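J.: Residue numbers (the working numbering): 1460 to 1799.
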Amino acid sequence: MSLLEVRDLNVEFDTLDGPVHAVRHLSYSLEAGQALGIVGESGSGKTVSVLTLMRLLAGNARVTGGEMLLGGQDVLRLSEQQMRAIRGSRVSMIFQDPMTALNPVERIGRQVGLTVEYHDRSATRQSVRRRVVETLESVGVPDAARRSNQYPHQWSGGMRQRAVIAMALINQPELIVADEPTTALDATVQAQVLDVLRTARAEHGCSLIMISHDLGVVREIADDVLVMYAGTTAERCPTETVFRDARHPYTRALVRARPGWGPRTERLFTIAGRPPDLLDVPVGCPFEPRCTESHGLPACRTETPAPMQLGPDHVSACHRARELDRIHELVLADSNGEPS
Ligand SMILES: Nc1ncnc2c1ncn2[C@@H]1O[C@H](COP(=O)(O)OP(=O)(O)OP(=O)(O)O)[C@@H](O)[C@H]1O
Ligand SMILES: [Mg+2]
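(1) Please check the pair residue 1557 and residue 1619, which I expect to be a contact at CB under 8 Å, by giving their CB distance rounded to whole angstroms.
(2) Quick check on the contact list: which residues have their beta carbon closer than 6 Å to a heavy atom of ligand 1?
(3) With H, G and I counted as helix, E and B as strand and the rest as coil, what does DSSP make of residue 1696?
(4) Within 10 angstroms of the Cβ of residue 1783, are there 16 or more other Cβ atoms? Answer buried if so, exposed if not.
(5) Have a look at 1484, 1490 and 1716 and flag the residue whose alpha-carbon is nearest the alpha-carbon of residue 1633.
(6) Check whether the Cβ atoms of residue 1583 and residue 1625 sit closer than 7 Å, and answer yes or no.
(7) Please classify residue 1460: does DSSP put it in a helix, a strand, or coil?
(8) Going by DSSP in three states, residue 1576 sits in which element: helix, strand or coil?
(9) Does the separation of the CB atoms of residue 1712 and residue 1730 fall below 7 Å?
(10) Ends of the beta strand (DSSP E) at residue 1526?
(11) Could you have a look at residue 1629 and say whether DSSP puts it in helix, strand or coil?
(12) Consult DSSP for residue 1486 and reduce its assignment to one of helix, strand or coil.
(13) Report all residues from its chain with a CB closer than 7 Å to the CB of residue 1554; omit the five preceding and five following residues, and keep chain order.
(14) Are the CB atoms of residue 1665 and residue 1708 nearer to each other than 7 Å?
(15) Would you call the region 1680-1695 in contact with the region 1494-1504, where contact means no fewer than 3 C-beta pairs closer than 8 Å?
(16) At which residues does the alpha helix (DSSP H) containing residue 1818 begin and terminate?
(17) Measure the alpha-carbon distance for residue 1614 versus residue 1589 and round it to whole angstroms.
(18) How big is the Cα-Cα spacing for residue 1530 and residue 1667?
(19) Based on the DSSP secondary-structure assignment, which residues constitute the bridge partners of residue 1827?
(20) Exposed or buried, what is residue 1517 when buried is set at 16 or more other beta-carbons lying within 10 Å of its beta-carbon?
(21) Between 1646, 1655, 1647 and 1636, which lies nearest to residue 1622 when the distance is taken from Cα to Cα?
(22) Return the residue from the list 1640, 1653 and 1672 that minimises the CA-CA distance to residue 1679.
(23) Is it the case that the Cβ atoms of residue 1486 and residue 1465 are separated by a distance below 7 Å?
(24) On the criterion of 16 or more Cβ atoms from any shown chain inside 10 Å, does residue 1565 qualify as buried, or is it exposed?
(25) Per DSSP, what are the beta-bridge partners of residue 1743 in this structure?
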């Protein structure tokens, strides 16, 4: 049994303009100990999909279908009380901005300790204190015993994110969900925080969902990648396959859009056009208006591509998934060897 199995999830938001279809027919699974990266442009439903798992959606949200099975149990059907026992204990979440997770007027050690006490009422003050210091040390906070008495504003951004990671780890969850945990940090600190997450995963053996719009970040940490487009799966495959044999034109475009890809002289590639309006998603493939590889295939405009299984761990929701390599070669030949 998978640790997490998401089946045909649909989430809408009620707005004055009508329902926004933020997550549409999303399915994926995650094995125990596995690290999954979720990538996609802004608005593709990455955050909404994990907030649904945590049951932390905004008040105007409605889950209109699907299941999210954690260890076989559908979290969408748990009571709020049952859910509180899971959050921060079996599954914990790390947000982009550590300040949203930290209380500015409470000492850091105390805050991390509260996460323990909340789930283990019988823990003694001493044992909590010991665990807090140990966990802060394990995520690389120097002089943790002393520094745990400080307040968030006395810590740098990178250190605060370590505190948040410690808070997420301290109850040894089965799954950590990190939503852009390094985006607010500068490059050096970003690398350090990724390292902390990698070590934590190796030591605790927990699963990880890492959301990022940066494929480079995901490549550092994830075994598999889920590429989301307009609220649903475009492609799912092992991380290295994304860079070697992606079978969805959107994934390929994301790889080419990466800064640092290709020769230095090349202009930075961006993906032309915009994602569809989630108030009114058109029929056909949601990526079709921006796709450079459909070459007029009628199905791209009339039929929503179902996720196609290309191998044991490779799925692509593209009508052309099996032919993409050949098309790519033809395009290359057409343009006299210039990349398309
Ligand atoms: N409370 C809300 N009410 C209405 N629409 C919402 C609400 N929250 C999210 N949405 C919409 O749901 C869609 C998906 O949003 P989501 O935050 O999951 O995107 P994302 O992939 O995490 O993007 P980003 O990379 O910018 O974080 C967007 O179109 C967003 O505008
Ligand atoms: Mg987001």
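Note that CB positions come from ideal geometry on N, CA and C, so glycine has one too.
Predicted model, so just to flag it, every value in this text is computed and none were measured.
T.: Reading it off the structure:
(1) Translated into the one-based positions of the sequence shown, residue 1557 becomes position 98. Translated into the one-based positions of the sequence shown, residue 1619 becomes position 160. About 4 Å separates the two Cβ atoms, so the contact holds.
(2) Matched residues: 1472, 1474, 1479, 1481, 1499, 1501, 1502, 1503, 1504, 1505, 1506, 1507, 1517, 1519, 1672 and 1737.
(3) Position 237 of the sequence shown, counted from the start, is the residue given in the question as residue 1696. DSSP places residue 1696 within a strand segment (E or B) once states are collapsed to three.
(4) Position 324 of the sequence shown, counted from the first residue, corresponds to residue 1783. Within 10 angstroms of the beta-carbon of residue 1783 lie 16 or more other beta-carbons, which makes it buried.
(5) Within the sequence shown, residue 1633 is the residue found at index 174, counting from 1. Selected option, being the one with the closest Cα: 1490.
(6) Looking up residue 1583 in the sequence shown gives position 124. Looking up residue 1625 in the sequence shown gives position 166. Judged by beta-carbon spacing, residue 1625 lies beyond the 7 Å limit of residue 1583, meaning their Cβ atoms are not closer than that value.
(7) By one-based count along the sequence shown, residue 1460 stands at place 1. Note: residue 1460 maps to coil in three-state DSSP.
(8) For the purposes of this step, residue 1576 is taken as the residue at position 117 of the sequence shown. In the structure shown, residue 1576 sits in a helix (DSSP, three-state: H, G or I).
(9) Taking the first residue of the sequence shown as position 1, residue 1712 is located at position 253. Taking the first residue of the sequence shown as position 1, residue 1730 is located at position 271. If you check the CB distance, residue 1712 and residue 1730 come in under 7 Å.
(10) Here residue 1526 corresponds to residue number 67 of the sequence shown, with the count starting at 1. Looking at the DSSP string, the run of the beta strand (DSSP E) that includes residue 1526 is 1520-1529.
(11) Taking the first residue of the sequence shown as 1, we reach residue 1629 at position 170. Correct three-state label for residue 1629: coil.
(12) The residue labelled residue 1486 in the question sits at position 27 within the sequence shown. It is a strand residue.
(13) Along the sequence shown, read from residue 1 onward, the residue named residue 1554 stands at position 95. Only residues of its own chain outside the window of five on either side were considered, and among them 1560 and 1638 have a CB closer than 7 Å to the CB of residue 1554, listed in chain order.
(14) The residue labelled residue 1665 in the question sits at position 206 within the sequence shown. The residue labelled residue 1708 in the question sits at position 249 within the sequence shown. No, the Cβ-Cβ distance between residue 1665 and residue 1708 is not below 7 Å.
(15) Touching, yes.
(16) Only positions 1460 to 1799 of the chain appear in the structure, and residue 1818 is not among them; the question remains open.
(17) The residue given as residue 1614 occupies position 155 in the sequence shown. The residue given as residue 1589 occupies position 130 in the sequence shown. Cα-Cα distance, rounded: 20 Å.
(18) Counting from one through the sequence shown, the residue named residue 1530 turns up at place 71. Counting from one through the sequence shown, the residue named residue 1667 turns up at place 208. Note on geometry: alpha-carbon atoms of residue 1530 and residue 1667 lie some 15 Å from one another.
(19) In this structure the chain extends from 1460 to 1799, so residue 1827 is not present and cannot be described.
(20) Numbered from its first residue, the sequence shown carries residue 1517 at position 58. With fewer than 16 other CB atoms across the displayed protein chains lying within 10 angstroms of its CB, residue 1517 is exposed.
(21) Counting from one through the sequence shown, the residue named residue 1622 turns up at place 163. Cα-wise, what sits closest to residue 1622 is 1655.
(22) Your numbering for residue 1679 matches position 220 in the sequence shown. Measuring C-alpha to C-alpha distances from residue 1679 to each of 1640, 1653 and 1672 identifies 1653 as the nearest.
(23) By one-based count along the sequence shown, residue 1486 stands at place 27. By one-based count along the sequence shown, residue 1465 stands at place 6. Residue 1486 places its beta carbon less than 7 Å from that of residue 1465.
(24) Residue 1565 sits at position 106 when you count from the first residue of the sequence shown. For residue 1565, the number of other beta carbons within 10 angstroms of its own is below 16, and it is reported as exposed.
(25) For the purposes of this step, residue 1743 is taken as residue 284 along the sequence shown, with counting starting at 1. Residue 1743 pairs with nothing; no bridge assigned.
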